[in-house]
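Numbering (the UniProt record's numbering), first residue to last: 1 to 239. C-beta atoms are modelled at their ideal positions from N, C-alpha and C, and glycine is treated no differently. As the structure is a computational prediction, the values presented were derived from the model and not from experiment. This report concerns only the one structure given below.
As structure tokens, then:
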């Protein structure tokens, strides 16, 4: 993959099985990450490092893979650990040069921006064409819990009814990897990846809302709340 256009065009198409697979998504995210990293740093990288910055990040990534491998219990873990280590490796390389704030900004951009428009468009299209956007989104969440995250995450569902779905993530494998790598401060960057689909929700059109009042970035769990928004028929005008 040699450019951002190629990276964007490689987003997996919609299909029945498997719909969500980290072993498919993580390599796409990784390729797009490196494309964006080289775009952002440009000629600055050559003045700072004698070796290409992407090679430095890949070398660091290889070292991290060895360090976090004891955490990996299945193929989903392997892909999700790689996703997490990608952020850590890039931060470890650029932070000594640019400082914590700019390094975090660079990593956040590289991880979250390249595929954002594609994910937004895919989520928006799914919701726009659904007879029941709330039901479709909850079903997608439940499927991802099984096929993307798996047993190294621990999920609880204190509310799961016709109108509301509350998902509590009591154990987050991404968080475990960050802690093992000594970079738990990068948790907000990984948590922001969810906004790539959540920002596609339009309450006025889809009659649902999503909120995430706490994540492992600031708490000891992550709570995701999906709820229908009442759609008033007839002569009542919604504000």
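Could you pull out every residue in the same chain whose Cβ sits closer than 8 Å to the Cβ of residue i, ignoring the five residues on either side in sequence?
i	result
residue 33	86, 90, 110, 111, 114
residue 171	152, 153, 154
Excluding the 5 residues preceding and the 5 following residue i in the sequence, name in chain order all residues of the same chain whose CB lies nearer than 6 Å to its CB.
i	result
residue 36	110, 114
residue 210	198, 201, 226
residue 213	223
residue 174	84, 190
residue 145	155
residue 75	23
residue 196	116, 119
residue 216	172, 175, 187, 222
What does DSSP give as the partner residue(s) for residue i in the beta ladder?
i	result
residue 91	Per DSSP, none; premise fails for residue 91.
residue 154	171
residue 222	169
Helix, strand or coil for residue i per DSSP?
i	result
residue 72	coil
residue 160	strand
residue 115	coil
residue 212	strand
residue 228	strand
residue 99	helix
residue 10	With a pLDDT of 46 at residue 10, under the threshold of 50, the modelled position of that residue is not reliable, and no figure is offered here.
residue 20	coil
residue 133	helix
residue 52	coil
Might you give, ordered along the chain, the residues of its own chain that have their beta carbon closer than 7 Å to the beta carbon of residue i, omitting 5 neighbours on each side?
i	result
residue 56	49, 93
residue 26	79, 82, 83
residue 138	165, 226
residue 130	136
residue 54	34, 37, 38
residue 229	203, 207, 208, 209
residue 29	83, 115
Report, in whole angstroms, the separation of the C-beta atoms of residue i and residue j, which I expect to be a contact under 8 Å.
i	j	result
residue 153	residue 169	6 Å
residue 231	residue 207	5 Å
Quiz item: If we count Cβ pairs, one from each stretch, closer than 8 Å, do we get three or more for the region 182-198 versus the region 150-162?
Solution: no
Quiz item: Do three or more CB pairs link the region 133-151 to the region 59-68 at distances below 8 Å?
Solution: no
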